[in-house]
Every structure is written in C-alpha cells, then in structure tokens.
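J.: Numbering (the numbering used here), first residue to last: 2 to 335.
Before we start, here is the structure in question, set down as structure tokens.
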Ligand SMILES: NC(=O)c1ccc[n+]([C@@H]2O[C@H](COP(=O)([O-])OP(=O)(O)OC[C@H]3O[C@@H](n4cnc5c(N)ncnc54)[C@H](OP(=O)(O)O)[C@@H]3O)[C@@H](O)[C@H]2O)c1
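What follows is the structure in structure tokens.
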C-alpha cells in the first residue's frame with residue numbers, strides 16, 4: 002500500500018511517499034481503507050518532535066519525557082503520521098462484533114498515528130465510530146481528535162446552560178468544536194482568534210468574537226463563568242480578573258506555572274484553575290456523530306491535498322494562514 006513515511010524528525014521535507022506493507026487486522030481489530038485524514042497539531046508536533054525544545058512543548062517537562070518514550074527519542078517509532086481518519090471497513094478480525102465490512106467509519110489514532118496511509122488497523126473498541134451520514138469522508142476526517150478532546154474537557158469542568166464562556170483559540174482544531182459544543186450545551190460563547198479567522202468563528206455560532214491582535218481579553222473588563230484556553234498563551238497573571246465568582250479557568254495546554262495555579266486554587270471555593278487531559282471514550286464519537294447529523298456541529302475545510310502532497314499540507318498547516326482544517330485525501334471512495 003502507499004503511505005507517507007518519515008524516518009527522521011524535521012521539516013515537511015522528511016515526509017516521503019513510499020510503498021509499505023499493508024497491515025493485517027488482529028482478531029479484535031478492523032482493517033480500514035482510509036479515504037481521508039487531516040493535518041492537526043499532533044501531526045506537526047510528531048513530525049518535528051525530536052527537534053522541539055522543551056519551551057516549545059505545550060506541556061510540563063515530565064510529560065515531554067513521557068512523550069519521548071511513546072513517540073521516539075531520536076527517531077519516530079511509528080513512521081507513518083496521521084491521527085484523524087475517515088474510511089470504510091474492508092475486513093474484520095474473527096472476534097469483532099461491532100463493525101462489519103462496508104461500514105463507513107471515522108476515528109482517531111492519537112499519538113500512535115498511522116492514518117497517512119491507504120490502510121490502517123484499529124481495535125474495535127478503540128476511538129472508532131460510524132461516520133456521520135451527512136458528512137463527506139473529507140469532512141468527517143477533521144472531527145475526531147478536536148471533537149472528542151473539546152467534549153471531554155467541557156464535561157470535566159461541568160459546563161452548564163446559561164454560563165458565560167470564553168474559548169481562547171476558537172478557530173483551532175479543538176477550539177472550533179469547543180465553541181460549537183458550548184453553544185449546544187446552552188452557554189453564551191465568546192471566541193478568541195486571529196484576524197483572518199474572525200468571520201469563521203462568527204459563522205461557527207459565536208455570540209461574540211475577540212481578535213487577539215486587536216484586544217487583550219484579560220484587560221477588557223469582561224468576566225466569564227468558564228474560560229477554556231486551548232493554547233495556554235494567555236498571561237497566567239490575568240486569569241483571575243476574567244473570571245466571575247466561582248469561575249473556572251481551564252487550560253488544555255499547560256505549563257508548570259499553570260499547574261501551580263491549579264494546586265494553589267484546588268481547595269478554593271471560589272475561582273479555580275484547572276489543567277486537564279482529555280479522556281478517550283469511543284461513545285464521545287457517537288455523541289459527536291449524532292450532533293453533526295442533527296445539524297448542531299459543522300466543520301470548516303480550508304484546503305484538501307492528495308496523499309503525495311502531504312508535505313505541502315504540513316507546510317500550509319504551519320504557515321499561520323489556514324482558516325479551518327487541512328485535509329489529506331488518501332483515496333477516492335468508489
Ligand atoms: N488537554 C488535552 O487533553 C489536549 C489534547 C490534545 C491537544 N492539547 C493541546 O491543544 C493544543 C493544540 O490545540 P489545537 O489543535 O486546537 O491547535 P490549533 O489548531 O493550532 O489552534 C490554535 C489556536 O490558538 C489560537 N492562538 C494562536 N495564538 C494565540 C494567541 N496569542 N492568543 C490567543 N489565541 C491564539 C489560534 O488562533 P488563530 O489561528 O486564529 O491565530 C487557534 O485558534 C496543544 O497545545 C496541545 O498540547 C491538549
């Protein structure tokens with residue numbers, strides 16, 4: 002099968018189209034013929050991982066050390082990138098009961114990657130679900146990672162109807178779903194993003210949009226019940242003044258100072274900082290599928306690239322110009 006392979010960390014030039022062995026599903030696995038995948042934050046980090054300085058990694062140093070063991074210290078352990086995918090089940094292992102050949106699915110490989118290839122294997126109880134019927138494979142391939150991460154984290158802070166919520170990074174892979182999910186849960190939502198993405202964030206349903214190049218939300222005087230800060234770039238010092246009494250400041254990316262704020266505020270009955278990791282739950286993919294089919298969640302695709310131009314897709318994804326998701330089309334469904 003064809004796959005985009007990388008054997009060393011570095012620029013997009015390390016991504017090479019190659020012929021590799023087609024995987025065989027184990028007894029509890031399905032074999033997916035991949036039609037589309039997307040280029041997300043995890044793919045960009047995975048590609049350059051060994052060359053990242055600790056300051057460029059959006060998590061505390063111990064988590065970077067753990068990631069080194071998982072991803073590969075000097076060279077990548079899994080040489081095919083790609084976390085999010087959509088495709089069709091071609092074959093199933095003998096113990097598989099939840100899926101059958103011909104099922105149209107979408108899913109998430111996480112940091113084990115492998116979706117930049119014509120085929121991949123997934124355990125049937127992994128992050129895999131039937132694809133939303135009203136989405137193309139290209140659209141569905143942009144949903145899983147960002148969608149379930151946003152959903153899991155919003156549940157961890159117990160989002161409630163009527164809350165005033167600020168999503169910092171509302172135009173990104175996680176924030177665009179966090180915004181739409183927060184609206185679905187009945188919150189009044191303000192999104193923060195850069196100038197070129199303001200219209201997109203409005204179109205996703207934000208009640209208000211703040212352009213971070215024009216306005217510092219920590220100094221505007223507005224306050225919120227929940228701030229969901231995806232990228233963690235906002236000033237540590239500003240968090241307290243943007244919260245209402247009993248408010249929560251949730252960091253999806255967090256460094257040691259954010260963790261210290263969490264520790265210090267852990268026992269507070271008032272404002273709290275929360276740093277949390279999303280939990281993988283395949284049921285969340287089914288929940289997202291239902292919301293998409295009910296028209297509550299949509300996706301925005303900026304560009305689609307064929308598999309052989311995956312390196313160009315990475316270049317564009319990190320150019321700072323993308324508005325919405327970057328899709329890699331692996332094959333065309335017949
Ligand atoms: N906690 C977890 O379980 C978990 C799981 C996965 C990932 N993560 C973390 O999530 C992050 C990646 O999120 P993503 O995939 O959504 O990234 P992304 O697609 O690259 O989006 C980044 C967002 O941040 C915004 N942004 C950039 N600079 C900003 C600034 N100075 N002020 C405010 N917003 C700014 C961007 O806005 P513009 O593009 O409009 O400029 C964009 O909306 C990583 O740091 C990763 O560590 C956490």
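C-beta atoms are modelled at their ideal positions from N, C-alpha and C, and glycine is treated no differently.
1. Please classify residue 259 as buried or exposed, where buried requires at least 16 neighbouring CB atoms within 10 angstroms.
2. Assuming residue 94 and residue 26 are in contact, meaning their beta carbons sit under 8 Å apart, how far apart are those beta carbons, in whole angstroms?
3. Using the three-state DSSP reduction, which class does residue 310 fall into: helix, strand or coil?
4. Measuring CB to CB, does residue 308 end up less than 9 Å from residue 119?
5. Could you check if residue 185 belongs to the surroundings of ligand 1, using beta carbon to heavy atom distance under 8 Å?
6. Could you check whether the Cβ of residue 205 sits closer than 8 Å to any heavy atom belonging to ligand 1?
7. Buried or exposed: which applies to residue 103, given that a residue is buried once 16 or more other Cβ atoms fall within 10 Å of its Cβ?
8. For residue 268, does the count of other Cβ atoms within 10 angstroms reach 16, so buried, or fall short, so exposed?
9. Given a cut-off of 9 Å, decide if residue 231 and residue 40 are closer than it, judged by their beta-carbon atoms.
10. State the start and end residues of the unbroken alpha helix (DSSP H) segment that holds residue 107.
11. One question on the structure: do residue 5 and residue 79 come within less than 9 Å of each other, judged by their Cβ atoms?
12. For residue 106 and residue 88, which I take to be in contact (beta-carbon distance under 8 Å), what is that distance rounded to the nearest angstrom?
13. Using DSSP with H/G/I as helix, E/B as strand and the rest coil, what is residue 176?
14. Determine the closest residue to residue 292 out of 219, 59, 132 and 222, with distance taken between C-alpha atoms.
15. Exposed or buried, which one is residue 187 when buried takes at least 16 other CB atoms within 10 Å?
16. Quick check for students: name the residue ranges of the alpha helix (DSSP H) that lie wholly in the region 19-65, counting only runs of 4 or more.
17. Hey, is residue 231 close to ligand 1, as in C-beta under 8 Å from one of its heavy atoms?
18. Which residue from 11, 140, 64 and 60 puts its Cα closest to that of residue 304?
19. Just checking my contact of residue 205 with residue 181 at CB under 8 Å: how many whole Å lie between their CB atoms?
20. Taking 8 Å as the cut-off, is the beta-carbon of residue 175 closer than that to any non-hydrogen atom of ligand 1?
21. Counting only the same chain and skipping the five closest in sequence on each side, list residues whose C-beta sits under 6 Å from that of residue 255.
22. With DSSP run on the structure shown, which of helix, strand or coil describes residue 8?
T.: From the atom records:
1. buried
2. 5 Å
3. helix
4. yes
5. no
6. no
7. exposed
8. exposed
9. no
10. Per DSSP, residue 107 belongs to no alpha helix (DSSP H); it is in the beta strand (DSSP E), 105-109.
11. no
12. 6 Å
13. helix
14. 132
15. exposed
16. 42-49
17. yes
18. 140
19. 6 Å
20. yes
21. 233 and 276
22. coil
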